[in-house]
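S.K.:
Number of protein chains: 2
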Amino acid sequence: MIALRGLPEIRRGADLAALVARAARRQETNFQPGDVLVVAQKAVSKAEGRVVRLASVKPSPLAREWAQQIRQDHRLVELVLRESRRVLRMTERALIVETRHGLVCANAGVDRSNVPAGAGRAGAHVTCLPLDPDASARVIANALRRRTGIVVPVIISDTFGRPWRLGLVNVAVGAWGMRVLEDLRGTRDSQQRVLRGTILAVADELAAAAGLLMGKSAAIPAVIVRGYRFRPGNEPARRMVRPAAEDLFR
Amino acid sequence: MIALRGLPEIRRGADLAALVARAARRQETNFQPGDVLVVAQKAVSKAEGRVVRLASVKPSPLAREWAQQIRQDHRLVELVLRESRRVLRMTERALIVETRHGLVCANAGVDRSNVPAGAGRAGAHVTCLPLDPDASARVIANALRRRTGIVVPVIISDTFGRPWRLGLVNVAVGAWGMRVLEDLRGTRDSQQRVLRGTILAVADELAAAAGLLMGKSAAIPAVIVRGYRFRPGNEPARRMVRPAAEDLFR
Chain A
1 MIALRGLPEI RRGADLAALV ARAARRQETN FQPGDVLVVA QKAVSKAEGR
51 VVRLASVKPS PLAREWAQQI RQDHRLVELV LRESRRVLRM TERALIVETR
101 HGLVCANAGV DRSNVPAGAG RAGAHVTCLP LDPDASARVI ANALRRRTGI
151 VVPVIISDTF GRPWRLGLVN VAVGAWGMRV LEDLRGTRDS QQRVLRGTIL
201 AVADELAAAA GLLMGKSAAI PAVIVRGYRF RPGNEPARRM VRPAAEDLFR
Chain B
1001 MIALRGLPEI RRGADLAALV ARAARRQETN FQPGDVLVVA QKAVSKAEGR
1051 VVRLASVKPS PLAREWAQQI RQDHRLVELV LRESRRVLRM TERALIVETR
1101 HGLVCANAGV DRSNVPAGAG RAGAHVTCLP LDPDASARVI ANALRRRTGI
1151 VVPVIISDTF GRPWRLGLVN VAVGAWGMRV LEDLRGTRDS QQRVLRGTIL
1201 AVADELAAAA GLLMGKSAAI PAVIVRGYRF RPGNEPARRM VRPAAEDLFR
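Chains as they are written, first to last, in the working numbering: chain A, 1 to 250; chain B, 1001 to 1250.
#1: Can you give the Cα-Cα distance for A:Leu-144 and B:Leu-1184, rounded to whole angstroms?
#2: Count Cβ pairs between the stretch 164-175 of chain A and the stretch 55-70 of chain A that sit closer than 8 angstroms; are there 3 or more?
#3: So if I threshold CB-CB distances at 8 angstroms, which residues from the stretch 40-69 of chain A count as touching chain B?
#4: Cβ of A:Asp-15 versus every heavy atom of the ligand FMN: is any distance shorter than 6 angstroms?
#5: By DSSP, does B:Glu-1028 sit in helix, in strand, or in coil?
#6: What number of angstroms, rounded off, separates the C-alpha of B:His-1101 from the C-alpha of B:Arg-1086?
#7: Consider the Cβ of A:Asp-164: report whether some Cβ of chain B lies at a distance smaller than 7 angstroms.
#8: Anything in chain B within Cβ reach of A:Val-104, meaning under 7 angstroms, just list it in chain order.
#9: State yes or no: is the C-beta of A:Val-223 within less than 7 angstroms of the C-beta of A:Ala-24?
#10: Can you round the beta-carbon distance between A:Thr-91 and A:Asp-111 to whole angstroms, since I take them to be within the 8 angstroms contact cut?
#11: Closer than 7 angstroms, Cβ to Cβ, to anything on chain A: give me those residues from the stretch 1198-1216 of chain B, in chain order.
#12: Just checking my contact of A:Gly-211 with A:Ser-136 at CB under 8 angstroms: how many whole Å lie between their CB atoms?
#13: So who's on the other strand from A:Phe-160, going by DSSP bridges?
#14: Give the secondary structure of A:Met-1 by DSSP, where H, G and I count as helix, E and B as strand, and everything else as coil.
#15: Run through the stretch 57-121 of chain A for me and flag every whole alpha helix (DSSP H) of 4 or more residues, listed as ranges in chain order.
#16: Please tell me whether A:Ala-108 and A:Ala-94 are closer than 7 angstroms, where the distance is taken between their beta carbons.
#17: Would you please verify whether the beta carbon of A:Met-240 is less than 7 angstroms from any beta carbon of chain B?
#18: What's the gap between the Cα of B:Ile-1155 and the Cα of A:Arg-165?
#19: Run the CB neighbour count on A:Asn-30, radius 10 Å, all protein chains shown included, and call it buried at 16 or more, exposed below.
#20: Going along chain A in order, which residues have a C-beta closer than 9 angstroms to the C-beta of B:Thr-1091?
#21: What three-state label does DSSP hand A:Thr-198 in the structure shown?
#22: Taking B:Ile-1140 as part of the beta strand (DSSP E), name the residues at either end of that continuous run.
#23: With a cut-off of 7 angstroms, does the C-beta of B:Gly-1123 fall near any C-beta of chain A?
#24: Output yes or no for whether 7 angstroms exceeds the beta carbon distance between B:Arg-1050 and B:Asp-1134.
#25: From the DSSP output, read off the bridge partner residues of B:Ala-1222.
#26: According to DSSP, simplified to helix, strand and coil, what is B:Gly-1215?
#27: Buried or exposed: where does A:Arg-162 fall if 16 or more other Cβ atoms within 10 Å of its Cβ makes it buried?
#28: Alpha carbon to alpha carbon, how far is B:Ala-1124 from B:Leu-1062? Give it in angstroms, no decimals.
#29: Taking buried to mean at least 16 other C-beta atoms within 10 Å of its own C-beta, is A:Ile-10 buried or exposed?
#30: Can you check whether the CB of A:Val-152 is closer than 7 angstroms to the CB of A:Leu-81?
#31: Let me make sure I understand the geometry here. Which of B:Leu-1168, B:Glu-1065, B:Val-1077, B:Gly-1006 has the alpha-carbon closest to that of A:Arg-242?
#32: What's the gap between the Cα of A:Glu-78 and the Cα of B:Leu-1129?
#33: Going by DSSP in three states, B:Asp-1247 sits in which element: helix, strand or coil?
#34: Distance, Cα to Cα, A:Leu-88 vs B:Ala-1040?
#35: Among residues of its own chain, excluding the 5 on either side of B:Ala-1047, which ones have a beta-carbon nearer than 6 angstroms to its beta-carbon?
#36: Using 7 angstroms as the limit for Cβ to Cβ distance, is A:Leu-19 near chain B?
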């Protein structure tokens, strides 16, 4: 795994594929067949202009009321509600929601950290998740292919909490260029027994692996995973969202 | 990440640290300061004799009834109930339970695959989770230190499902020798803003990363993660279990 360092602060309209390819070259590596690129959601959101100045947000009465309950900024809560199609729970500090993409996470992925305060406009800013993270991954993958001639699957990662475990882990909110679920049903284990029911969420494991290098405060928005034998295909990360009808825990 | 191959079939009483150190040497590597060892739960369970011959299990009437509902072997369901302190949900094929360790997972980690059918005794066998996976990790870490002179944190991994996402990912059910949660509160992000609420479950991310190499059918029960800057400490994986009182989803 190769952490790509030294990317500039990402601005709206930034060409992430170009920035990432340049960072790789500066580190004296180049994309190779078999590489997977994991990009932090925040970088993608910034490049897509999904940055909102809090002062520009008019909170509804409901957002004000809930913001008080969870001791959060009422403008941030307003954004969370706009990004959500359903609220599952209210914790002490966050709303657990289903986003418009179907992702279940805290505060709909709306996040304050690592956004330059007053970049251009005055006041605090937050990022929202890309409107279509799978499309974002596809755009980056296509641009990388044009630039390098190599087909590199792209995963867009974000840190999510888990209901029964403490701490956040990185998961794949967007993906393009590989199979995100590795279906081992029908294959045989080391005892030649047919495995059933075993499907690995390999895109989430790739996001988690890259998350070890990204940390949270380090300025590492992208990681190359080299040597993992992914299965080619264009399966969006959306495929890993459990259909609401099969969900036993909401 | 270095996949350790060619370990023999693990039998009760096997010295995992010795087997792993030998496998590393055969692959012309040696443990180095800074390495983390991830071992698949199944190997640990086998070494600890947590293998049960299904024919030896007498199912209760309740186990028989539930087994029919989820179309599972009634002896397997009996074992699941014995390993559990609480049943949360019943899916089409599994019971979602809280194990005696506090882990929320399908079928209490009782698993059929990769157990040699009739090794020694006749009939199908299953593995149960180690009785105390953190203690198991400590034993392996201590044995490795005695053998190699190097302090290597050990993580014991197993594949768990998630309520809102499809596919399994590897998590750390046991750990010793490192901080499993990386608390970034109080640190500053790249904009010098103080991060709050950001705690990364790094042991789970290490387990997920290793899971990419372990696959499920491949005979890779152990992976060395090299170059990850873990924080030393003896924090058990148990620390990552969310206290039931804080759980909003059962």
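Using N, Cα and C, we set each Cβ at its ideal position, and we do this for glycine too.
M.R.: Straight from the coordinates:
#1: 33 angstroms
#2: no
#3: none
#4: As far as ligands go, the structure on display features none, and thus does not contain the ligand FMN.
#5: coil
#6: 11 angstroms
#7: Contrary to the premise, residue 164 of chain A reads as Trp rather than Asp in this sequence. Yes, because at least one Cβ of chain B sits closer than 7 angstroms to the Cβ of A:Trp-164.
#8: Trp-1164
#9: no
#10: A:Thr-91 to A:Asp-111, Cβ: 16 angstroms. No contact.
#11: Thr-1198, Ile-1199, Leu-1200, Ala-1201, Val-1202, Asp-1204, Glu-1205, Leu-1206, Ala-1208, Ala-1209, Gly-1211, Leu-1212, Lys-1216
#12: Wrong, their Cβ atoms sit about 18 angstroms apart, outside the cutoff.
#13: A:Val-169
#14: coil
#15: 61-69, 74-83
#16: no
#17: yes
#18: 16 angstroms
#19: exposed
#20: Glu-246, Leu-248
#21: coil
#22: No beta strand (DSSP E) holds B:Ile-1140; the alpha helix (DSSP H) holding it covers 1133-1148.
#23: no
#24: no
#25: B:Leu-1004, B:Val-1039
#26: coil
#27: buried
#28: 22 angstroms
#29: buried
#30: no
#31: B:Leu-1168
#32: 44 angstroms
#33: coil
#34: 34 angstroms
#35: Ile-1010, Ala-1014, Leu-1016
#36: no
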